[in-house]
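Visitor:
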Amino acid sequence: HQMQSSNSEQTQLQVRESRASQFAVALQPWRHVLVRADAVLHWERPLAFGCLLAGLTLAFALMAVARPAPLACLTLLCLLAVTADFAVPKLLAPLLLGESWTEADQACYTAVCRRLSARGDSLAAAIRRIFAIRRYRPRAFALGAGAALLAVALIGASVSGLLLGYVAALGALLWPGVSRYGLLRRALSDLRHSAGGGK
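Throughout the sequence shown, residue numbering follows this note's numbering, covering 1111 to 1309 in sequence.
1) In the structure shown, what three-state DSSP assignment does E1209 receive?
2) So for G1281, helix, strand or coil by DSSP?
3) Does the Cβ of R1302 have 16 or more other Cβ atoms within 10 Å, making it buried, or fewer, making it exposed?
4) Can you list, in chain order, the residues of its chain whose CB lies under 7 Å from that of G1287, leaving out five sequence neighbours each side?
5) Please name the residue, chosen from E1127, L1283 and R1141, that lies closest to E1209 on a Cα-to-Cα basis.
6) Whole angstroms are fine: how far does the CA of A1297 sit from the CA of Y1291?
7) Which residue comes first and which comes last in the alpha helix (DSSP H) that contains H1142?
8) Rounded to a whole number of angstroms, what is the C-alpha to C-alpha distance between G1256 and R1155?
9) Evaluate contact between the segment 1231 to 1244 and the segment 1169 to 1188, counting only Cβ atoms and requiring at least three cross-stretch pairs below 8 Å.
10) Hey, R1126 and L1207 are a contact pair by Cβ (cut 8 Å); roughly how many whole angstroms apart?
11) Considering Cα atoms alone, identify which of F1133, L1259 and D1148 is closest to A1214.
12) Under a three-way DSSP split, which group does R1155 fall into?
13) Between which residues of its own chain and L1157 is the CB-CB distance below 8 Å, once the five residues before and five after are set aside?
14) Within its chain, find whatever has a CB closer than 7 Å to the CB of L1144; leave out the 5 residues flanking it on each side and keep chain order.
15) Is A1179 helix, strand or coil by DSSP?
16) Classify S1268 as buried or exposed, calling it buried when 16 or more other Cβ atoms lie within 10 Å of its own Cβ.
17) Is G1292 helix, strand or coil when you go by DSSP?
18) Rounded to the nearest angstrom, what separates R1229 and R1177 at their Cα positions?
19) Could you name the residues of the same chain whose beta carbon sits closer than 8 Å to that of W1211, not counting the 5 residues immediately before and after it, in chain order?
20) Go ahead and label S1330 buried or exposed: buried means 16 or more other beta carbons lie within 10 angstroms of its beta carbon, across all protein chains shown.
Below, the structure is given as structure tokens:
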């Protein structure tokens, strides 16, 4: 049993490494951008991260003033994505970030690809669990999905969708740094200690 378990773990490790290698090959044109973005999102460059938050806030403030139609917003986002996919790795990255590539950059890039691969595996596993619940426990799936959709509808009816989008985008930008430095765990621990002290 121990040998089978060891072989299974080695196989899983090989599969994960293979997927990470596939990510590394697919994202090769973006490697300079990903390494710099990883440093910014993990708060290694506070000034750049502050500028990123300011840019996000400014973008949502402009949308709040202009109030564009949802279809126009979707079209604009798709246009920006297509333009960035062409211009950033081929034009802007070599111009702004240079062509130098060190062993530290390669190690960081490998770690980023491994994290992206792990996130993809987690998402795929979550989707498989949802479909398994839908297949084997249809009543529980219907009740849970209905309650979740109703909650989203109630929140959307009472809170601005633009505000929800801003909070979601802000949380996504803050999460890597918060997770890296354990700020959420520390805050919850302090809250438990203060609650225990209050008793």
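Don't be surprised by glycine CBs; every beta carbon is placed ideally from N, CA and C.
Just so you know, these numbers come straight off a predicted model, no measurement behind them.
Guide: Taking the structure as given:
1) As a working note, residue 1209 is residue 99 in the sequence shown. In the structure shown, E1209 sits in coil (DSSP, three-state: anything other than H, G, I, E or B).
2) As a working note, residue 1281 is residue 171 in the sequence shown. Three-state result, G1281: helix.
3) The residue you call residue 1302 lines up with position 192 of the sequence shown. It is exposed - the Cβ of R1302 has fewer than 16 other Cβ atoms within 10 Å.
4) Sequence index remark: in the sequence shown, residue 1287 carries index 177 (1-based). Here the set comprises L1151, H1152 and W1153.
5) Position 99 of the sequence shown, counting from 1, holds the residue named residue 1209. The candidate whose alpha carbon is nearest that of E1209 is R1141.
6) Against the sequence shown, residue 1291 aligns to sequence position 181. Against the sequence shown, residue 1297 aligns to sequence position 187. Y1291 and A1297: Cα-Cα distance of roughly 11 Å.
7) Locating residue 1142 in the sequence shown gives position 32, where the first residue counts as 1. H1142 -> alpha helix (DSSP H) spans R1141 to L1151.
8) Along the sequence shown, read from residue 1 onward, the residue named residue 1256 stands at position 146. Along the sequence shown, read from residue 1 onward, the residue named residue 1155 stands at position 45. Each residue's Cα considered, the two are about 43 Å apart.
9) no
10) As a position in the sequence shown, residue 1126 is number 16, starting the count at 1. As a position in the sequence shown, residue 1207 is number 97, starting the count at 1. The pair is not a contact, with the Cβ atoms about 29 Å apart (cut-off 8 Å).
11) Residue numbering aside, residue 1214 sits at position 104 when the sequence shown is read from its first letter. For A1214, the nearest C-alpha among the options comes from D1148.
12) In the sequence shown, counting from the first residue as 1, residue 1155 sits at position 45. Three-state DSSP puts R1155 in coil, outside helix and strand.
13) Residue numbering aside, residue 1157 sits at position 47 when the sequence shown is read from its first letter. None.
14) Stepping through the sequence shown from its first residue, residue 1144 is reached at position 34. L1137, Y1219 and V1222.
15) Taking the first residue of the sequence shown as position 1, residue 1179 is located at position 69. Residue state, collapsed to three classes: coil.
16) The residue you call residue 1268 lines up with position 158 of the sequence shown. Under this definition S1268 is an exposed residue.
17) Counting from 1 along the sequence shown, the entry for residue 1292 is found at position 182. The answer is coil: DSSP assigns G1292 none of H, G, I, E or B.
18) As a first step, residue 1229 must be located in the sequence shown, where it is residue number 119. As a first step, residue 1177 must be located in the sequence shown, where it is residue number 67. Those two C-alpha atoms are separated by around 34 Å.
19) To locate residue 1211, count along the sequence shown from 1; it is residue 101. R1141 and H1142.
20) Past the edges of the chain, shown from 1111 to 1309, lies residue 1330, and the structure says nothing about it.
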